Each structure stands twice: as structure tokens, then as C-alpha cells.
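Numbering that gives the first Met the number 0 puts the first residue of the sequence shown at 0, with every later residue one more than the last.
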Amino acid sequence: MLNITKTIENGQGTLTLEGRLDTMSAPELEQVMRDTLPGLAALELDFTKLDYISSAGLRVLLSAQKQMNKQGSMTLTNVNDTILEIFEVTGFTDILTIE
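See below:
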């Protein structure tokens, strides 16, 4: 299960993800991204409470990064060691901005 909290202010968006970003929840995040990204200059994804990410979740992040490269910036914050290791193994640390 994935809970998404969205905050948008002055062209800056923050999505806080809580739970698991997997095959079941990735379409939900994809829809939120589709609704949220147009018009944003900066997007922050807060992973403080994200426990797990699957390949389906990685695909959504890649798609969002490609769109944000055209219109602004995307940053991932508060990434735990388990998810960071997945990003490192898959090469996503070279694609995503992780703080």
C-alpha cells in the first residue's frame, strides 16, 4: 500500500511517499505524476516513509525524471539505505538527483 501526500506552492511540488511503491501502487503514483507535473519548475519526492520500491516504481521515477528534465528539476530526499542500494545497483544514482 502507498500513501501519497501532495503539496504544491509557487511552481514547487512535493510528493511524500509512505509505504511500498510496487506493481500494485505504481499506477497510482503514475496518475498523480501525470496530474501534478505540468507547470512545475521543481519537484521533490520525499522518501522518509517509503519502505520498498520495485522495478515498476523505478519506471515511474524514470518517466517523471525525463519529463522534469524538460521543464525543471526533480530531487529525491530522505532515501533510506535499502532503497539507495537499489538505486545504486540499477544505476539510478546516475540518473536521479538524490539528497
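Think of the CB as a built atom: it goes at the ideal place given N, C-alpha and C, for glycine as much as any other residue.
Nothing here was measured: the structure is a model prediction, and the numbers come from that model.
I'd like the span of the alpha helix (DSSP H) that includes Glu87, first residue to last. Asp80 to Thr89
Does Ile7 pass the burial test, meaning 16 or more other C-beta atoms within 10 Å, or should it be called exposed? exposed
If you count every other CB in all the chains shown that lies within 10 Å of the CB of Ala40, and 16 or more means buried, which is it? exposed
Limits of the beta strand (DSSP E) - the one that Thr35 falls within: No beta strand (DSSP E) contains Thr35, which is instead part of the alpha helix (DSSP H) from Ala25 to Thr35.
Excluding the 5 residues flanking Ile85 on each side, which residues of the same chain have their C-beta closer than 8 angstroms to its C-beta? Ile52, Leu57 and Phe91
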